[in-house]
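Engineer: In the numbering used here, the protein residues as written are 1386 to 1733.
We treat Cβ as the ideally placed atom computed from N, Cα and C, and that holds for glycine.
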Ligand code: DNO
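1. Between residue 1735 and the ligand DNO, is there a pair consisting of the residue's CB and a ligand heavy atom that are separated by less than 7 Å?
2. Give me the Cβ distance between residue 1568 and residue 1404, rounded to the nearest whole Å; I'm assuming they're in contact under 8 Å.
3. Please list, in chain order, all residues of the same chain as residue 1630 whose beta carbon is under 7 Å from its beta carbon, the five residues on each side excluded.
4. Determine, using beta carbons only, whether residue 1620 comes closer than 8 Å to chain D.
5. Taking the C-alpha atoms as reference points, what is the distance between residue 1487 and residue 1617?
6. Quick one: grab the DSSP three-state call for residue 1510.
7. Flag residue 1488 as yes when its Cβ comes closer than 7 Å to any non-hydrogen atom of the ligand DNO, and as no otherwise.
8. By how many angstroms is the C-alpha of residue 1400 removed from the C-alpha of residue 1562?
9. To which residues does DSSP link residue 1503 through a beta bridge?
10. Output the residue ranges of the alpha helix (DSSP H) runs that lie fully inside the stretch 1635-1714 and measure 4 residues or longer, sorted by chain position.
11. Extract the residue ranges of the beta strand (DSSP E) inside the stretch 1592-1631, only unbroken runs of 3 or more that lie entirely within it.
12. What is the residue span of the alpha helix (DSSP H) that residue 1563 lies within?
13. Can you tell me the Cα-Cα spacing of residue 1493 and residue 1579, whole angstroms?
14. Exposed or buried, what is residue 1429 when buried is set at 16 or more other beta-carbons lying within 10 Å of its beta-carbon?
15. Which whole-angstrom value describes the C-beta separation of residue 1513 and residue 1500, a residue pair presumed to lie in contact below a C-beta threshold of 8 Å?
16. Going by beta-carbon coordinates alone, are residue 1529 and residue 1522 separated by less than 8 Å?
17. Note down, in chain order, each residue of its chain lying with its Cβ closer than 6 Å to the Cβ of residue 1497, except the 5 sequence neighbours on either side.
18. At what residues does the alpha helix (DSSP H) containing residue 1479 begin and finish?
19. Just to confirm, is the Cβ distance from residue 1653 to residue 1684 under 8 Å?
20. I'd like to confirm the pairing. Which residues does DSSP put opposite residue 1488 in its beta bridges?
21. Please confirm whether residue 1387 and residue 1691 have their CB atoms less than 8 Å apart.
22. Leaving out the 5 sequence neighbours to the left and right, which residues in its chain are closer than 7 Å to residue 1421 when beta-carbon positions are compared?
23. Looking at the secondary structure, which residues open and close the alpha helix (DSSP H) in which residue 1459 lies?
24. Would residue 1715 be called buried (16 or more neighbouring beta carbons within 10 Å of its own) or exposed?
25. Return yes when at least one heavy atom of the ligand SAH lies under 7 Å from the C-beta of residue 1450, else no.
26. Buried or exposed: which applies to residue 1474, given that a residue is buried once 16 or more other Cβ atoms fall within 10 Å of its Cβ?
27. How many angstroms separate the CA atom of residue 1581 from the CA atom of residue 1575?
28. Assuming the contact rule is C-beta atoms closer than 8 Å, residue 1443 and residue 1413 should be a hit. Round their C-beta distance to whole Å, please.
29. Compute the minimum distance between the beta carbon of residue 1709 and the heavy atoms of the ligand DNO, and state whether it is under 7 Å.
30. Let me know the secondary structure DSSP gives residue 1414 once reduced to three states.
31. Could you give the first and the last residue of the continuous alpha helix (DSSP H) run that contains residue 1430?
32. The beta strand (DSSP E) that contains residue 1546, what's its start and end?
33. Between residue 1477 and the rest of its own chain, which residues show a CB-CB distance below 8 Å, the 5 nearest in sequence each way excluded?
34. Report yes or no: do the stretch 1598-1613 and the stretch 1547-1563 share at least 3 C-beta pairs separated by less than 8 Å?
35. When DSSP builds the beta bridges, which residues end up paired with residue 1444?
36. Identify the residues that DSSP records as bridge partners of residue 1389: which are they?
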């Protein structure tokens, strides 16, 4: 396992100096943020990230994300141009030493919560998804924005793109995903880069838009669209684990054995009774609904040697910052992952 940590670049309050002090840390997980979705990343921006990272003793091997332009997901005639740009970005980051690229295929809205600062009994704040609140969230007209959402849309543009998806069936989205994969995976293979799709978060349809990377059946279908080891997944424990229908331990075991997990996001969630939704919790298993030990063991036992990063953290010790992406709780998560991994490996 190669421990990694997300870094949002030079504007991130969490610095590379902070990150390098996390025990056993290997790589940063980052991206170029200075160009709009769909454009080619400049070699200068990539080189700058690499230089900053490596001068702090960290590897520059994981990109999260190269976002997929909506025209690709919508299957518009303009998609070929954006797919060509996507391929060029794969080539450019590969030249700089990147080995793994995380991306997603969620229409318009990336990961979604209904409240970003819910107070837990211990005084920490966390991200939650309450079904009763979802009805009140209007992603187009409302004020909620999440770090993963593309903020470059005007309201009108957003309204239009959402309307286009409302006409679209899941099967059409699958066809557009296949078209995309058939063109990018050969390039990734040639560049020796692993593509790692992130599951939809949460793993069900929201705001009436289709979502397809949601469960075991669909992950099987996804992997068979292009049956090549470079076409793999980011196993996000929290995205899959917020539905009690997903057996995350089984999925970790199965897809690690197939060699198709290239990246893991480790996060614990508490599924609430009566289908009320879920709360993000501390990484430690008893804090939530997931057995983090069993997930780590399933990965270890099935030969997983890829990148793992602690996923979202709560805000603790008075920290403020980007929702889910403060330093302290994620660093606790990293230490916990190290502990699990050391114990599992030494028990062999
Ligand atoms: C949330 C992240 C996601 C992820 C994208 C991958 O915290 O895990 O935003 O980066 O879905 O493209």
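Structural biologist: Let me lay it out:
1. No answer is possible for residue 1735: the residues shown for the chain start at 1386 and end at 1733.
2. Going by Cβ atoms, the distance from residue 1568 to residue 1404 rounds to 34 Å, so no, they are not a contact pair.
3. 1600
4. Structure shown: chain D not included; a single protein chain is present.
5. 9 Å
6. strand
7. yes
8. 35 Å
9. 1511
10. 1677-1686
11. 1616-1621
12. 1555-1576
13. 24 Å
14. exposed
15. 5 Å
16. yes
17. 1591
18. 1464-1480
19. no
20. 1582
21. yes
22. 1537
23. 1455-1459
24. buried
25. As presented, the structure is devoid of the ligand SAH, carrying the ligand DNO as its sole ligands.
26. buried
27. 16 Å
28. 5 Å
29. yes
30. strand
31. 1428-1440
32. Note, residue 1546: premise wrong, no beta strand (DSSP E); alpha helix (DSSP H) at 1540-1551.
33. 1425, 1426, 1428 and 1431
34. yes
35. 1412
36. 1412
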